[in-house]
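Student:
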Amino acid sequence: MRKLIFAMNVALDGYIAAAGDDIGWSGPSSDELFQWWLERERANELLLYGRKLWETMSSYWPTGEQQPDATPARIEFARNWRDTPKVVFSSTIDKVDWNTRLVTGDAVAEITRLKAEDGGPMAIGGATLAGAAMRAGLIDEYALVTYPVLAGGGTPFFTTLDNWVNLNLVETRTFPGGVVLTRYETRR
196 MRKLIFAMNV ALDGYIAAAG DDIGWSGPSS DELFQWWLER ERANELLLYG
246 RKLWETMSSY WPTGEQQPDA TPARIEFARN WRDTPKVVFS STIDKVDWNT
296 RLVTGDAVAE ITRLKAEDGG PMAIGGATLA GAAMRAGLID EYALVTYPVL
346 AGGGTPFFTT LDNWVNLNLV ETRTFPGGVV LTRYETRR
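Read in order, the letters of the sequence shown are residues 196 to 383 in our numbering.
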């Protein structure tokens, strides 16, 4: 059975994007943090995206190594992103590229099927998609990269749940700029 991981940058008040989908407050605060994200992405065998996050990632990373600020780590991230298989869940997109397939049907059923397969970890991204997986009890690990900023509203990291979920703290780490990583595993 595959492990499903939900990892995102998050404001201290729990939002992954401020009002208007503004994520200007987030992003790697240091090379050390970017390297952590790169190592996380290398470990994933499959990336699951909702439409908004797919549009954000696919607008930059296919040519990320050609950007003027492309460091060796960013070049590697771009290559890894293109090479890693991806699944996009959307009923409004009709075409995807870069080693990606599109699912327009029941996301929870497809994620459940993918989890039951043999293989390495899968990362899930996008608030709506991750929220559906959260409510279905499919997420095995949560990684919050918390920035010292209050977004004041917007898109929350956590969705409303019918029942609480017990978690075990796995790791805490501080990065330059006051950014704090906390990782939790779901207690089953």
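Note that CB positions come from ideal geometry on N, CA and C, so glycine has one too.
These figures come from a predicted structure and were not determined experimentally.
1) Provide the residue span of the beta strand (DSSP E) that contains V282, from first to last.
2) F370 bridges to which residues according to DSSP?
3) Classify F290 as buried or exposed, calling it buried when 16 or more other Cβ atoms lie within 10 Å of its own Cβ.
4) Whose C-alpha, out of S253, R330, F272, is nearest the C-alpha of R237?
5) Apply the 10 Å Cβ neighbour rule to N358 and answer buried if 16 or more other Cβ atoms are within range, or exposed otherwise.
6) If you draw a straight line from the alpha carbon of L297 to that of T251, how long is it in whole angstroms?
7) May I ask which residues mark the beginning and end of the beta strand (DSSP E) holding F353?
Tutor: Inspection of the coordinates gives the following:
1) Taking the first residue of the sequence shown as 1, we reach residue 282 at position 87. Taken as a continuous stretch (DSSP letters only), the beta strand (DSSP E) holding V282 covers 281-284.
2) Working through the sequence shown from its first residue, we reach residue 370 at position 175. Partner(s): V374.
3) For the purposes of this step, residue 290 is identified with residue 95 of the sequence shown, where counting begins at 1. The identity of residue 290 in the sequence shown is Lys, whereas the question assumes Phe. Classification for K290: exposed.
4) As a position in the sequence shown, residue 237 is number 42, starting the count at 1. For R237, the closest alpha carbon among the candidates S253, R330, F272 is that of F272.
5) Within the sequence shown, the letter at position 163 stands for residue 358. Counting Cβ neighbours within 10 Å, N358 comes out exposed, since fewer than 16 surround it.
6) Translated into positions along the sequence shown, residue 297 becomes position 102. Translated into positions along the sequence shown, residue 251 becomes position 56. Cα to Cα, the separation comes out at about 16 Å.
7) Here the question's residue 353 lines up with position 158 in the sequence shown. That residue, F353, is in no beta strand (DSSP E); it is neither H nor E in DSSP.
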